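Participant: With the working numbering as the guide, the letters of the sequence shown map in order to residues 557 to 1017.
This is the structure I want to talk about, given as structure tokens.
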Amino acid sequence: MANEKFEKFRSEYKTFVYHGYKLENDGEFINIEYDFEIEGLTQFHPTDRIKLGNLDLANEYDSKTARKIVFNLGMVELISYWKCACPKTVKVECGHLHERDINWWKKLYFNGLSEFFYINSIDTDIDSFMEIVTNEELHEHDEPEAFDCRDLNLITVGGGKDSCVTTALLKNYRDKNRFFTVNDQQARTDTVLAGGYTENEIVKTYRTIDKNLLKLNSEGFLNGHTPFSAIVAFLSLYCAYLIGARYIVLSNESSANESNLIGAEVNHQYSKSYEFEQDFTSYVDRNIFDGIEYFSLLRPFSELQIAKQFALLPEFHQSFRSCNKGSKQNVWCAKCAKCLFVYTILAPFMDYGKLVSIFGSDMLNDGEMQSDFDGLAGITDLKPFECVGTRSEFQLALYLLCEKLKNEGKELPLLCRRFEEKCDKSKIDKNLLNDYNALNSVPEEFVEAIMEMYKNVAENH
């Protein structure tokens, strides 16, 4: 049925148009408003805003380089609106792209929408799902502008355990660290405060969804996951340019590279993957400038290793949150796959009673979580579509937890007993805490910080 919708909408609405954008400084915010249209259906005007109050701008907000970044931010923003009807043609009136870069965007869109295509039963391929047409009259041959680059780190903060660990690892860069958030959720600010910083050191941005998209979704147009972290990439790049930061520091782990579906490339976290990190760096160097480095400090590590390191940071334990359902209320819902994953990988390394107190529930004793549990543990083929780690590390976390509880003479929770029954413990990789993923782009000057973490988490230390 959904694939029929896909074909029906594409036949009725053939063209998506990126008309342009408005960029202004009103003294309180830098405001970006995009002008998108699905011909014959509706227009969209989403916005991005950057709060100015505490910013010491190193570069002009509307320079030629700034506008290049904003144009490209629009290129990734548009996919959230394109997907409701999936027009065959995307017409970019406000910019020109070389063929290589058109293919770059198609790769990002196609892979970043892999979950959307899967959930909606859409059968398409990277060659046929979209044609991008850009404005030849805006073809440029000029060299990139010089810009003021200061020795600052712009650390992206989501409020979960990963950004807490990055914040703690970079404590020795105290005077160089600034933080970047999208939308003002309490856990994000609390992470910065718990790390010993102030709100004045946060670059705060705000993103709005056009209500016309929500209306179309309610009427049965297509909906689903888009590559949000690619939006974070370009928006953080714009902010790094504004303040002159040299480094954009992410907290994406090696686990983000794994597909959610065994035997197929369907990755909820594609735009958090190392492949996208490399692609983004190459694209920016080729089309905008070089001089700002975009990398993940935690790429050498798995989610399980990050959880072990996080357990050593009690100053963050009460304030961290990474539940999407409970984010607006700043709570753990304790009923989703994300909550269950985080709860489980922390359990071997933290006091179990404290963990129950933090989440407000003993999640491994909740029979309603069995379906998500089975997907996370690899008992079934489909891993839940959330930002969660690999099946292997989830299994090792359960193994370590079960051994810990047995040694303490405690009864195993319900889902731990299911793990003991359903999983072959002889196949569990018990060496995962010793892993170090060499496929990373961590600059030399940050290696000392990550080696400190490796010593903390490696089992043979």
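Note that the Cβ used here is the ideal one computed from N, Cα and C, for glycine as well.
Since the model is a prediction, treat every value here as computed from it, not as a measurement.
#1: Which of helix, strand or coil does DSSP assign to LEU932?
#2: I'd like to confirm the pairing. Which residues does DSSP put opposite LEU710 in its beta bridges?
#3: Can you give the beta carbon distance from ALA893 to ASP928, rounded, assuming they're within the 8 Å contact cut?
#4: Can the beta-carbon of ALA890 be found closer than 8 Å to that of MET919?
#5: Taking 8 Å as the cut-off, decide whether the C-beta atoms of TYR590 and TYR569 are in contact.
#6: Between the Cα of GLY668 and those of SER785, ASN987, TYR899, ASN963, spot the shortest distance and give me the residue it belongs to.
#7: Drop a sphere of 10 angstroms on the beta-carbon of GLU809, count the other beta-carbons inside from all chains shown, and report buried for 16 or more, exposed for fewer.
#8: What are the partner residues of ASN587, as DSSP defines its beta bridges?
#9: Looking at the secondary structure, which residues open and close the alpha helix (DSSP H) in which SER719 lies?
#10: Excluding the five sequence neighbours on either side, which residues of its own chain have a C-beta within less than 7 Å of the C-beta of TYR1010, listed in chain order?
#11: Verify whether the separation of the beta carbon atoms of GLY923 and TRP888 is less than 8 Å.
#12: Spell out the partners DSSP gives GLU687 in its beta bridges.
#13: Could you work out which residue in GLU1004, VAL632, LEU710 is closest to HIS848 when comparing CA atoms only?
#14: How is PHE836 classed by DSSP in three states: helix, strand or coil?
#15: Should GLY630 be labelled buried (16 or more other beta-carbon atoms within 10 Å of its own) or exposed?
#16: Would you list, in sequence order, the uninterrupted alpha helix (DSSP H) runs of no fewer than 4 residues that lie entirely inside the region 611–645?
#17: Look at the alpha carbon of ASN1056 and the alpha carbon of GLY651, and state the distance between them as a whole number of angstroms.
#18: Going by DSSP, what residue range makes up the alpha helix (DSSP H) through VAL759?
Facilitator: Let me lay it out:
#1: DSSP places LEU932 in helix when its eight states are reduced to three.
#2: Among the bridge pairs identified by DSSP, LEU710 is matched with ARG734, ILE804.
#3: The Cβ separation is near 4 Å, so the contact holds.
#4: Against a cut-off of 8 Å, the Cβ pair of MET919 and ALA890 comes out as a contact.
#5: In this structure, TYR569 does not lie closer than 8 Å to TYR590 by Cβ.
#6: Proximity to GLY668 across SER785, ASN987, TYR899, ASN963 peaks at SER785, based on C-alpha coordinates.
#7: It is buried - the Cβ of GLU809 has at least 16 other Cβ atoms within 10 Å.
#8: In DSSP, ASN587 forms a bridge with GLU580, ARG605.
#9: Note, SER719: alpha helix (DSSP H), 717–725.
#10: Taking C-beta separations shorter than 7 Å and ignoring five residues to either side along the sequence, the partners of TYR1010 in its chain run TYR992, following chain order.
#11: One thing to note: GLY923 has its Cβ no nearer than 8 Å to the Cβ of TRP888.
#12: Per DSSP, THR645.
#13: The sequence given here places Ile at residue 848; His does not occur at that position. Per the Cα distances, LEU710.
#14: Judged by DSSP in its simplified three-state form, PHE836 adopts helix.
#15: By the C-beta density criterion, GLY630 is buried, having at least 16 other C-beta atoms within 10 angstroms.
#16: Listed in chain order, the complete alpha helix (DSSP H) runs (minimum 4 residues) inside the region 611–645 are 620–633, 635–638.
#17: This structure leaves residue 1056 out entirely; the chain is present only between 557 and 1017.
#18: In the DSSP assignment, VAL759 falls outside any alpha helix (DSSP H) and lies within the beta strand (DSSP E) extending over 758–764.
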